[in-house]
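Below is one structure; the comments refer to it alone.
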């Protein structure tokens, strides 16, 4: 299987300072890769570089196209759905309007896609007329993922979907993400603090430290690594 | 009693004009966080375009529609060329830029059309209605404003572009991640605001007569309306504009000399800022973390 996303020697900058120092990351088509690492390691920056939200150097290949120097909206239009840190839902719009926004780049009526999302996330169907800001944290995360999926993406980027959520809700959300990945053949690139859960689901894993990839390989290999077990899995 | 109702209705007609301009201000404020001090002069310039077209022999409504289209394109162009470069500049810079724009339009209109007062035709005959409670002209102005508001509401509520514009105003970064070209949405917003302003100018010109300084007072009333409604609320802008129109008319009729009416607006601004800085419809979006 060829990777759908491949970063080659990617550097990223905030102003003048270099925060990613040439990293290589790949996501298989329909697969799931996870980025692990402490706060400030450069995980979110990597995701933002892919979506064209920070200045970057190096090559970013996606489904036969090059992403660098494209605008964020153009990258989204190519089929990269990015759920940012803090979810990025439009709190002043209703649930349904948020989903309609997700379908902005797709031609035709969004009704079929919306029905499918209400099937995956029944709670969103019940709350479709409510302001997104009135939803609970878990529901907002579901809405953010559902909105991203409305784009019919080939790659779903999730930045700490478990942030601030109860463990049981996190498990629900990951179960649905896993189901969607299989049913819709969407590749997933995940940043996640919950390393145990992430390494269970992902097939490839990358460990970032201060802007470098210091370890990478099959998720199983990393899960068995003594250093990773000590630092990130806690056993 | 009869006189009171009369004054209320003619206040509503004036208020409809303030409401339109207030709405234009609020749209731009929400989308780009800047107050467009040139909104009134842009509307005045649009009105001169309509006046030129009518004088060239076009039927009134054809001139009206053409002017709206020209204003829409003009507004988009201004956003692209003048506002975009200072998009992320400090607020003082954008204030100076829009005030500069005000002066440019004012001078340009004086240069091209001179400062002489011009008569502007009204599409509505000036006949008394409902036992002289209001005139057909008042009713026409209120009607045109209502139709415009309904069209705008439908646009923002039911079209993909309208929804995308609301999203771009609320959270530009998230909107981009949905594939929405935020820059183009802002330009459309400026275009719409210019077209709304043009409507206000054309509706008020038959009453005020056309000259380059025509919109000065109107802009002040519109600001008051927008502030009263809570500067971020489109509904608030409309309600605020109507309230200002009626208040101004009643106070001018019963309390003070009508030459002093403009102070009513200033007094209202101060009252709002002191007692209710968020206005009547200040945004209270429900939020949970």
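Protein chains in written order, with my numbering: chain D, 1 to 235; chain B, 236 to 524.
Beta carbons are placed, not taken as given, at the ideal position from N, Cα and C, and that holds for glycine.
**OP:** Decide if residue 82 (chain D) is buried, meaning its Cβ has at least 16 other Cβ atoms within 10 Å, or exposed.
**Re:** When all chains shown are included, residue 82 (chain D) counts as buried.
**OP:** Look up residue 21 (chain D) in the DSSP assignment and give the residues it is bridged to.
**Re:** D:11
Original post:
Excluding the five sequence neighbours on either side, which residues of its own chain have a C-beta within less than 8 Å of the C-beta of residue 521 (chain B), listed in chain order?
Top reply: In this prediction, residue 521 (chain B) has a pLDDT of 44, which is less than 50 and means its spatial position is unreliable; what the coordinates show is noted afterwards. Within the same chain, residue 521 (chain B) has no close Cβ partners at all.
Subject >> residue 252 (chain B) vs residue 382 (chain B) beta-carbon contact at 8 Å >> reply: no
Original post:
Using 8 Å as the limit for Cβ to Cβ distance, is residue 238 (chain D) near chain B?
Top reply: Within the shown structure, residues of chain D are numbered from 1 to 235, placing residue 238 (chain D) beyond reach of any answer.
**OP:** Compare the C-beta of residue 315 (chain B) with all C-beta atoms of chain D and state if any pair is closer than 8 Å.
**Re:** no
**OP:** List the residues that DSSP assigns as beta-bridge partners of residue 159 (chain D).
**Re:** D:191.
Original post:
Taking only beta-carbon atoms, is residue 494 (chain B) less than 8 Å away from chain D?
Top reply: no
Original post:
Between the C-alpha atoms of residue 171 (chain D) and residue 35 (chain D), what's the straight-line distance to the nearest angstrom?
Top reply: Their Cα atoms are separated by approximately 18 Å.
Original post:
For residue 212 (chain D), which residues does DSSP report across the bridge?
Top reply: Beta-bridge partners of residue 212 (chain D) (DSSP): D:209.
Original post:
Is residue 451 (chain B) near residue 275 (chain B), with beta carbons less than 8 Å apart?
Top reply: yes
Original post:
Which residues of chain B have a Cβ atom closer than 8 Å to the Cβ of residue 100 (chain D), listed in chain order?
Top reply: 395, 398
Subject >> Cross-chain neighbours of residue 151 (chain D) in chain B, by beta carbon under 8 Å >> reply: 413, 414
Original post:
With a CB to CB cut of under 6 Å and the five nearest residues on each side skipped, what residues in its chain are close to residue 61 (chain D)?
Top reply: 6
**OP:** Return the CA-CA distance between residue 63 (chain D) and residue 19 (chain D), expressed in angstroms with no decimal places.
**Re:** Each residue's alpha carbon lies about 26 Å from the other.
**OP:** In angstroms with no decimal places, state the Cα-to-Cα distance between residue 8 (chain D) and residue 328 (chain B).
**Re:** 41 Å
**OP:** Take residue 188 (chain D) and list the residues in its own chain whose beta-carbon comes closer than 6 Å to its own, dropping the five residues that flank it on each side.
**Re:** Within the same chain, residue 188 (chain D) has close Cβ partners 32, 156, 181.
**OP:** Could you name the residues of the same chain whose beta carbon sits closer than 8 Å to that of residue 247 (chain B), not counting the 5 residues immediately before and after it, in chain order?
**Re:** Listed in chain order, the non-local C-beta contacts of residue 247 (chain B) below 8 Å within the same chain comprise 373, 377, 477, 480, 481, local neighbours out to five positions each way being set aside.
**OP:** In angstroms with no decimal places, state the Cα-to-Cα distance between residue 227 (chain D) and residue 15 (chain D).
**Re:** 34 Å
Original post:
Between the region 201 to 219 of chain D and the region 440 to 458 of chain B, are three or more C-beta pairs nearer than 8 Å?
Top reply: no
Subject >> DSSP state of residue 370 (chain B) mapped onto helix, strand, coil >> reply: Residue 370 (chain B): strand per DSSP, three-state reduction.
**OP:** Determine the extent of the beta strand (DSSP E) in which residue 56 (chain D) is found, giving its start and end residues.
**Re:** Residue 56 (chain D) -> beta strand (DSSP E) spans 55 to 62.
Original post:
In angstroms, rounded to a whole number, what distance separates the CA positions of residue 317 (chain B) and residue 335 (chain B)?
Top reply: Across the structure, residue 317 (chain B) and residue 335 (chain B) are spaced so that their CA atoms are roughly 11 Å apart.
**OP:** Within the same chain, show all residues whose beta-carbon is closer than 8 Å to that of residue 245 (chain B), passing over the 5 residues directly before and after it, in chain order.
**Re:** If we look at residue 245 (chain B) and ignore the five residues flanking it on each side, its Cβ neighbours are 369, 370, 373, 484.
Original post:
Roughly how many angstroms separate the alpha carbons of residue 239 (chain B) and residue 457 (chain B), rounded to a whole number?
Top reply: Taking the straight line from one Cα to the other gives about 23 Å.
Original post:
What does residue 406 (chain B) reach in chain D if we use C-beta pairs closer than 9 Å?
Top reply: 88, 89, 90, 91, 92
Subject >> Own chain, CB closer than 6 Å to residue 12 (chain D), minus 5 neighbours either side, in chain order >> reply: 19, 20, 45, 49, 54, 56
Original post:
Mind checking residue 220 (chain D): buried by the 16 CB within 10 Å criterion, or exposed?
Top reply: exposed
Original post:
How would you list, in chain order, the residues of chain D whose beta-carbon sits under 7 Å from the beta-carbon of residue 401 (chain B)?
Top reply: 93
**OP:** State yes or no: is the C-beta of residue 415 (chain B) within less than 8 Å of the C-beta of residue 433 (chain B)?
**Re:** no
**OP:** Please decide whether residue 585 (chain B) counts as near chain D, where near means a Cβ-Cβ distance under 8 Å.
**Re:** Because chain B is modelled from 236 through 524, residue 585 (chain B) falls outside the range shown and cannot be assessed.
Original post:
Which residue comes first and which comes last in the alpha helix (DSSP H) that contains residue 115 (chain D)?
Top reply: Start and end: 111 to 120.
Subject >> Integer-rounded CB distance, given that residue 158 (chain D) should sit under 8 Å from residue 190 (chain D) >> reply: 5 Å
Subject >> For residue 295 (chain B) and residue 289 (chain B), the rounded distance between their alpha carbons >> reply: 6 Å
Subject >> Distance CB(residue 286 (chain B))-CB(residue 353 (chain B)) smaller than 8 Å >> reply: yes
Original post:
In chain B, what lies closer than 8 Å to residue 82 (chain D) by C-beta?
Top reply: 412
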